[in-house]
Amino acid sequence: MGTTGTTGAIAGRLEQLRGELPTRNHNARTVAALAANPGCARRGVLDAAGIEKTVLAERLGFPARYGRSPFAIGRGNVFEARVKADDGRELRRLLAEVLGADPDDGALVDVDRGGPTGPTARPGREERVARTREALLRAASGDPDACAILDHPLLPLDVAGRRAYLEPDAMACRVAGRLHVVEIKSFAIIDGSADPGKLASATRQAAVYVHALRGLAEELGLDPESVSTDIVLVCAQDFANRPIAVVLDVRRELATTRRRLARLSGVEELFAELPEGLTFDVAEERVGAAVARVPAAYLPDCLSACELALFCRDEARACGTGGDVGTLGTSVRGALGGIDDIGTALALADGTRAPEPGQEDVARLLRRAQALRHEALGGVG
Ligand code: SF4
């Protein structure tokens, strides 16, 4: 079969999987989430087919508890506006602190403002992409009037043959000839540490922007390496809500994102093991069986990165006698060293099973933990 035939066959297969299920356009969050569990074939297949997983999760009877609350979105918007207010004064101060940029250099240009109908109008998507391209070219040419900070650039990215548009919070344009992605998040860095889940998700998202920006630079004939893998993360410091910036190296996340996107584009291998005629567009009582035909690799991280997490967790826990302890996270797996099954761990904890040689220490700890839990619950646990 020629390339066209193969492409047609794959498109047909994707259509069959999707049926009449609604589709979703990717954005930076969804692309970043791809890298959260790169080993999961189920997610790969669903994303390649462009299926709206929120709808699928509802049909499965496990609606997603995933995504930001309106309150968190509102707080994030207020924080971002504060960082960029007054021609980016606060952001300039932070960029000077962490990158050594000149705080008085150049302007902050918002590509999301100033359309054909007036200075506050929002330009269309293609117009914003064109402005982003122009800003990249001017920054690369060393034009002294090029902007120092590009606000709301818009980056095109092809994800499994579908065009996505990504919007980094900002881009520092001219720091020692390099471009830096700036990500503004309202979560706090307290005593130098941030919530690891939020930090990992922000880093993955920034890596997606770096990938898209490098693609755009290449398309414009510029050196993709001029887009730095050191991104600037702006967060709230301690409980004061005062902005603080840190530089993070996203090389590892960038490599994972690239691999994952390449795998989505080469979906043939994802389909190799799937039964012919498989579709997820079936009656609600049969959709669980259809999804279960595609192997999953559930991890606790899925809870914050994938809409199907509750279904997959339930499935992982139900398999075998009690489920694989790996579904509880790598630290639990490490602490239970050698015990692979949750049912065995629970039986050792409540004393209904005697430890095998080598399991005595873990069994003692499990019984102690069980006793403490019982005590904490006032004898009802
Ligand atoms: S929730 Fe399920 S489908 Fe999503 S990444 Fe995790 S295992 Fe894969």
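Going by the UniProt record's numbering, the sequence shown opens with residue 1, and the numbers climb by one from there.
Backbone N, C-alpha and C define an ideal beta-carbon position, used for all residues, glycine too.
**Asked** Looking only at its own chain, which residues have a Cβ that is under 7 Å from the Cβ of ASN27, when we skip the five neighbours before and after it?
**Response** Indexing the sequence shown from 1 puts residue 27 at position 27. Closer than 7 Å at Cβ, skipping near neighbours: ALA164, LEU166.
**Request:** Let me know the secondary structure DSSP gives CYS312 once reduced to three states.
**Result:** The residue given as residue 312 occupies position 312 in the sequence shown. Note: CYS312 maps to helix in three-state DSSP.
**Message:** Let's see if you can read the secondary structure: which residues bound the beta strand (DSSP E) around HIS180?
**Reply:** As a position in the sequence shown, residue 180 is number 180, starting the count at 1. Counting along the chain, the beta strand (DSSP E) containing HIS180 begins and ends at 178-189.
**Residues near ligand 1, criterion Cβ-heavy atom distance below 5 Å** = Here the residues come out as ASN37, CYS40, ARG42, ARG43, ALA296, TYR298, CYS302, CYS306, LEU308, ALA309, CYS312.
**Item:** Residues near LEU60 in its chain [Cβ-Cβ closer than 7 Å; skip 5 each side]
**Value:** To locate residue 60, count along the sequence shown from 1; it is residue 60. So the qualifying residues of the chain are VAL287, GLY288, VAL291, PHE311.
**Message:** Looking at the secondary structure, which residues open and close the alpha helix (DSSP H) in which TYR165 lies?
**Reply:** The residue you call residue 165 lines up with position 165 of the sequence shown. Per DSSP, TYR165 belongs to no alpha helix (DSSP H); it is in the beta strand (DSSP E), 162-166.
**Message:** Cutting at 8 Å between CB atoms, please list the residues of its own chain near ALA206, excluding the five before and the five after it.
**Reply:** As a working mapping, residue 206 is identified with position 206 in the sequence shown. These residues qualify, in order along the chain: PRO168, VAL181, GLU183, ILE231, LEU233, LEU248, VAL250, GLU253.
**Request:** Taking all protein chains shown into account, decide if PRO70 is buried (16 or more other Cβ within 10 angstroms of its Cβ) or exposed.
**Result:** Translated into the one-based positions of the sequence shown, residue 70 becomes position 70. Exposed: under 16 other Cβ atoms inside 10 Å.
**Message:** What would DSSP say about SER201, mapped onto helix, strand or coil?
**Reply:** In the sequence shown, the residue the question calls residue 201 occupies position 201. In the three-state reduction of the DSSP assignment, SER201 falls in the helix class.
**Asked** Nearest to ARG18 by CA position, among VAL31, PHE271, GLY50, ARG242, is which residue?
**Response** Within the sequence shown, numbered from 1, the residue matching residue 18 stands at position 18. Residue GLY50 holds the alpha-carbon nearest to the alpha-carbon of ARG18 among VAL31, PHE271, GLY50, ARG242.
**Message:** Measuring straight from C-alpha to C-alpha, what distance separates HIS374 and ASP112?
**Reply:** Taking the first residue of the sequence shown as position 1, residue 374 is located at position 374. Taking the first residue of the sequence shown as position 1, residue 112 is located at position 112. Whole-angstrom Cα-Cα distance: 57 Å.
**Asked** Based on the DSSP secondary-structure assignment, which residues constitute the bridge partners of GLN237?
**Response** As a first step, residue 237 must be located in the sequence shown, where it is residue number 237. Partner(s): ILE189, ARG242.
**Message:** Pop quiz: ALA212 and LEU155 are said to be a contact at Cβ under 8 Å. What is the actual Cβ separation, rounded to whole angstroms?
**Reply:** As a position in the sequence shown, residue 212 is number 212, starting the count at 1. As a position in the sequence shown, residue 155 is number 155, starting the count at 1. 4 Å between Cβ atoms; contact.
**CA-to-CA distance, ASP143 to LEU303, given in whole angstroms** = One-based indexing of the sequence shown puts residue 303 at position 303. One-based indexing of the sequence shown puts residue 143 at position 143. Rounded to the nearest angstrom, the gap between the Cα atoms of LEU303 and ASP143 is 46 Å.
**Cα-Cα separation, ARG42 to ALA316** = As a working note, residue 42 is residue 42 in the sequence shown. As a working note, residue 316 is residue 316 in the sequence shown. Distance between the alpha carbons of ARG42 and ALA316: 13 Å.
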